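In full-length UniProt numbering, the protein residues as written are 1 to 234.
One structure is given here, and the rest of the page talks about it.
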(Lines of atoms letter the chains of each structure in order from A; the text may use other names.)
(Lines give C-alpha, C1' and ligand atoms only; values in the text may rest on other atoms or scores of the structure.)
Protein backbone atom coordinates (compact mmCIF):
# COMPACT_ATOMS: atom_id res chain seq x y z
CA UNK A 1 0.00 0.00 0.00
CA UNK A 2 1.01 3.62 -0.57
CA UNK A 3 0.49 6.56 1.79
CA UNK A 4 0.92 10.31 1.36
CA UNK A 5 -0.59 13.50 2.75
CA UNK A 6 -0.51 17.25 2.26
CA UNK A 7 -1.05 17.33 -1.48
CA UNK A 8 -2.25 20.95 -1.18
CA UNK A 9 -3.81 20.82 -4.62
CA UNK A 10 -4.59 24.21 -6.19
CA UNK A 11 -6.98 25.04 -9.01
CA UNK A 12 -4.13 25.80 -11.45
CA UNK A 13 -2.34 22.47 -10.98
CA UNK A 14 -3.82 20.29 -13.69
CA UNK A 15 -1.38 17.43 -14.28
CA UNK A 16 0.69 17.97 -11.13
CA UNK A 17 -0.14 14.55 -9.69
CA UNK A 18 -0.11 12.58 -12.93
CA UNK A 19 3.28 10.99 -12.20
CA UNK A 20 2.32 10.19 -8.61
CA UNK A 21 -0.83 8.40 -9.75
CA UNK A 22 1.11 6.48 -12.37
CA UNK A 23 3.68 5.36 -9.78
CA UNK A 24 1.00 4.29 -7.30
CA UNK A 25 -0.82 2.30 -9.99
CA UNK A 26 2.43 0.47 -10.76
CA UNK A 27 3.62 -0.24 -7.22
CA UNK A 28 0.67 -0.42 -4.80
CA UNK A 29 -2.72 -2.07 -4.41
CA UNK A 30 -4.15 0.60 -2.10
CA UNK A 31 -3.61 4.35 -1.61
CA UNK A 32 -4.33 6.30 1.57
CA UNK A 33 -4.29 10.10 1.74
CA UNK A 34 -3.63 11.89 5.04
CA UNK A 35 -5.32 15.25 4.78
CA UNK A 36 -4.74 18.72 3.34
CA UNK A 37 -5.86 17.38 0.01
CA UNK A 38 -6.59 20.93 -1.11
CA UNK A 39 -4.61 24.09 -0.44
CA UNK A 40 -7.38 26.50 0.61
CA UNK A 41 -10.43 24.28 0.90
CA UNK A 42 -11.92 25.55 -2.36
CA UNK A 43 -14.33 23.51 -4.45
CA UNK A 44 -12.35 24.23 -7.62
CA UNK A 45 -9.29 22.71 -5.97
CA UNK A 46 -11.33 19.64 -5.10
CA UNK A 47 -12.46 19.34 -8.70
CA UNK A 48 -8.89 19.49 -9.98
CA UNK A 49 -7.77 16.87 -7.47
CA UNK A 50 -10.68 14.62 -8.39
CA UNK A 51 -9.67 14.93 -12.03
CA UNK A 52 -6.10 13.97 -11.14
CA UNK A 53 -7.16 11.00 -9.00
CA UNK A 54 -9.64 9.72 -11.57
CA UNK A 55 -6.72 7.90 -13.19
CA UNK A 56 -6.14 5.76 -10.09
CA UNK A 57 -6.51 2.04 -10.71
CA UNK A 58 -6.38 1.08 -7.04
CA UNK A 59 -8.82 1.82 -4.18
CA UNK A 60 -8.23 5.00 -2.21
CA UNK A 61 -9.23 6.02 1.33
CA UNK A 62 -8.57 9.50 2.69
CA UNK A 63 -9.09 11.89 5.57
CA UNK A 64 -9.32 15.65 5.43
CA UNK A 65 -6.92 18.17 6.96
CA UNK A 66 -7.20 21.67 8.38
CA UNK A 67 -6.64 23.32 4.97
CA UNK A 68 -9.63 21.47 3.55
CA UNK A 69 -11.89 23.26 6.04
CA UNK A 70 -10.68 26.79 5.29
CA UNK A 71 -13.61 27.94 3.11
CA UNK A 72 -16.42 25.81 4.51
CA UNK A 73 -16.79 23.78 1.32
CA UNK A 74 -15.97 20.37 2.78
CA UNK A 75 -19.21 18.68 1.71
CA UNK A 76 -18.80 19.80 -1.89
CA UNK A 77 -15.14 18.76 -1.98
CA UNK A 78 -16.00 15.34 -0.58
CA UNK A 79 -18.77 14.96 -3.15
CA UNK A 80 -16.34 15.65 -6.01
CA UNK A 81 -13.84 13.13 -4.66
CA UNK A 82 -16.57 10.53 -4.13
CA UNK A 83 -17.42 10.77 -7.83
CA UNK A 84 -14.02 9.24 -8.64
CA UNK A 85 -14.19 6.59 -5.93
CA UNK A 86 -12.27 8.26 -3.10
CA UNK A 87 -13.55 7.10 0.29
CA UNK A 88 -13.39 10.00 2.76
CA UNK A 89 -13.20 8.76 6.36
CA UNK A 90 -14.31 10.76 9.38
CA UNK A 91 -14.60 8.43 12.34
CA UNK A 92 -15.44 5.45 10.17
CA UNK A 93 -13.54 2.81 8.23
CA UNK A 94 -12.86 1.28 4.83
CA UNK A 95 -12.26 -2.45 4.33
CA UNK A 96 -9.87 -3.60 1.64
CA UNK A 97 -10.26 -7.15 0.32
CA UNK A 98 -11.75 -8.36 3.64
CA UNK A 99 -8.34 -8.51 5.32
CA UNK A 100 -7.27 -4.90 5.88
CA UNK A 101 -9.32 -2.31 7.71
CA UNK A 102 -8.51 1.39 7.38
CA UNK A 103 -9.75 3.59 10.23
CA UNK A 104 -9.59 7.34 9.67
CA UNK A 105 -10.09 10.67 11.41
CA UNK A 106 -8.79 14.18 10.86
CA UNK A 107 -7.48 14.50 14.41
CA UNK A 108 -6.69 17.76 16.17
CA UNK A 109 -4.09 19.54 18.28
CA UNK A 110 -3.65 19.91 22.01
CA UNK A 111 -0.16 18.78 22.95
CA UNK A 112 1.40 15.68 24.41
CA UNK A 113 1.98 13.79 27.63
CA UNK A 114 1.96 15.84 30.81
CA UNK A 115 1.72 19.00 28.69
CA UNK A 116 -1.57 18.03 27.05
CA UNK A 117 -4.00 20.93 27.23
CA UNK A 118 -6.79 20.38 29.77
CA UNK A 119 -10.40 21.60 29.69
CA UNK A 120 -10.06 24.31 32.30
CA UNK A 121 -10.75 28.02 32.24
CA UNK A 122 -12.30 29.89 29.34
CA UNK A 123 -15.03 28.37 27.21
CA UNK A 124 -12.77 28.80 24.19
CA UNK A 125 -10.10 26.62 25.80
CA UNK A 126 -12.67 24.00 26.71
CA UNK A 127 -13.94 24.02 23.14
CA UNK A 128 -10.44 23.47 21.77
CA UNK A 129 -9.88 20.53 24.12
CA UNK A 130 -13.30 19.08 23.33
CA UNK A 131 -12.46 18.97 19.62
CA UNK A 132 -9.40 16.83 20.38
CA UNK A 133 -11.45 14.58 22.67
CA UNK A 134 -14.15 14.22 20.02
CA UNK A 135 -11.64 13.22 17.35
CA UNK A 136 -10.13 10.65 19.71
CA UNK A 137 -13.57 9.20 20.45
CA UNK A 138 -14.33 9.05 16.73
CA UNK A 139 -11.14 7.08 16.17
CA UNK A 140 -12.02 4.76 19.03
CA UNK A 141 -15.43 4.14 17.49
CA UNK A 142 -13.93 3.41 14.07
CA UNK A 143 -11.43 0.95 15.52
CA UNK A 144 -14.01 -0.77 17.71
CA UNK A 145 -16.01 -1.71 14.62
CA UNK A 146 -13.05 -3.20 12.78
CA UNK A 147 -12.60 -6.96 13.05
CA UNK A 148 -10.31 -7.46 10.04
CA UNK A 149 -7.12 -9.52 10.52
CA UNK A 150 -5.07 -6.36 9.94
CA UNK A 151 -5.76 -2.69 10.33
CA UNK A 152 -4.09 0.64 9.72
CA UNK A 153 -4.97 4.14 10.87
CA UNK A 154 -4.85 7.35 8.88
CA UNK A 155 -5.15 10.89 10.23
CA UNK A 156 -3.89 14.37 9.52
CA UNK A 157 -2.60 15.45 12.94
CA UNK A 158 0.13 13.48 14.69
CA UNK A 159 -0.62 11.18 17.65
CA UNK A 160 2.99 11.30 18.91
CA UNK A 161 5.58 14.06 19.37
CA UNK A 162 8.46 12.09 17.82
CA UNK A 163 7.35 12.70 14.23
CA UNK A 164 7.28 16.44 14.94
CA UNK A 165 11.02 16.65 15.56
CA UNK A 166 12.27 19.38 13.24
CA UNK A 167 9.19 21.57 13.60
CA UNK A 168 9.39 24.75 15.67
CA UNK A 169 8.84 23.83 19.30
CA UNK A 170 6.30 26.62 19.69
CA UNK A 171 3.85 25.13 17.17
CA UNK A 172 4.12 21.44 18.06
CA UNK A 173 1.09 21.44 20.41
CA UNK A 174 -0.99 22.58 17.42
CA UNK A 175 0.24 19.74 15.19
CA UNK A 176 -1.35 16.92 17.16
CA UNK A 177 -2.08 15.40 20.53
CA UNK A 178 -1.38 12.23 22.47
CA UNK A 179 -5.16 11.92 23.02
CA UNK A 180 -5.15 10.34 19.55
CA UNK A 181 -2.61 7.71 20.64
CA UNK A 182 -4.84 6.29 23.37
CA UNK A 183 -7.26 4.39 21.10
CA UNK A 184 -4.38 3.40 18.83
CA UNK A 185 -2.54 1.64 21.64
CA UNK A 186 -5.75 0.20 23.05
CA UNK A 187 -6.98 -1.42 19.84
CA UNK A 188 -3.66 -1.85 18.06
CA UNK A 189 -2.77 -1.48 14.39
CA UNK A 190 -0.12 -2.48 11.89
CA UNK A 191 0.80 1.17 11.34
CA UNK A 192 -0.40 4.76 11.62
CA UNK A 193 0.02 7.39 8.90
CA UNK A 194 -0.35 11.15 9.33
CA UNK A 195 0.66 14.37 7.60
CA UNK A 196 0.55 18.04 8.67
CA UNK A 197 4.17 18.26 9.90
CA UNK A 198 6.00 19.39 6.76
CA UNK A 199 9.29 19.81 8.63
CA UNK A 200 8.96 16.88 11.01
CA UNK A 201 10.56 13.45 11.20
CA UNK A 202 9.67 10.50 9.01
CA UNK A 203 8.89 7.88 11.63
CA UNK A 204 8.27 7.20 15.30
CA UNK A 205 6.37 4.78 17.55
CA UNK A 206 3.55 4.93 20.06
CA UNK A 207 4.19 3.84 23.66
CA UNK A 208 3.11 0.32 22.71
CA UNK A 209 5.49 0.24 19.76
CA UNK A 210 3.07 0.78 16.89
CA UNK A 211 4.90 2.39 13.93
CA UNK A 212 3.83 5.93 13.06
CA UNK A 213 4.77 7.41 9.68
CA UNK A 214 4.75 11.10 8.79
CA UNK A 215 3.84 11.10 5.10
CA UNK A 216 3.51 14.83 4.46
CA UNK A 217 4.47 15.25 0.81
CA UNK A 218 6.78 18.27 1.37
CA UNK A 219 8.75 16.16 3.86
CA UNK A 220 8.92 13.15 1.53
CA UNK A 221 9.97 15.43 -1.35
CA UNK A 222 13.13 16.29 0.57
CA UNK A 223 13.95 12.73 1.61
CA UNK A 224 12.74 10.63 -1.34
CA UNK A 225 12.20 13.05 -4.25
CA UNK A 226 11.76 10.25 -6.78
CA UNK A 227 8.94 8.63 -4.79
CA UNK A 228 6.77 11.09 -2.91
CA UNK A 229 4.80 8.52 -0.96
CA UNK A 230 5.58 5.82 1.57
CA UNK A 231 5.25 2.27 0.28
CA UNK A 232 4.58 -0.32 2.97
CA UNK A 233 3.69 -4.00 2.87
CA UNK A 234 0.88 -4.66 5.33
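Glycine is no exception: its CB is placed at the ideal position from the N, C-alpha and C atoms.
Here the structure is a predicted model, which is why all the values come from computation and not from measurement.
C-alpha of residue 60 to C-alpha of residue 87: approximately 6 angstroms in a straight line. Nearest in C-alpha terms to residue 104, of all of 127, 140, 182, is 140. Boundaries cannot be given for residue 168, as no beta strand (DSSP E) includes it and DSSP labels it neither H nor E. Under the three-pair Cβ rule at 8 angstroms, the stretch 149-157 counts as touching the stretch 101-117.
Residue burial annotation: residue 194 is buried, with at least 16 other C-beta atoms found within 10 angstroms of its C-beta.
Nearest Cα to residue 68 within the set 35, 228, 202: 35. When secondary structure is reduced to three states using DSSP, residue 211 falls in the strand class. Scanning its chain for C-beta atoms nearer than 7 angstroms, with the 5 sequence neighbours on each side dropped, one finds around residue 146 the residues 93, 101, 103, in chain order. For residue 124, the enclosing alpha helix (DSSP H) begins and ends at 123-144. Relative to residue 56, the option among 66, 70, 81 whose CA is nearest is 81. Residue 51 and residue 85 have their C-alpha atoms spaced approximately 11 angstroms apart.
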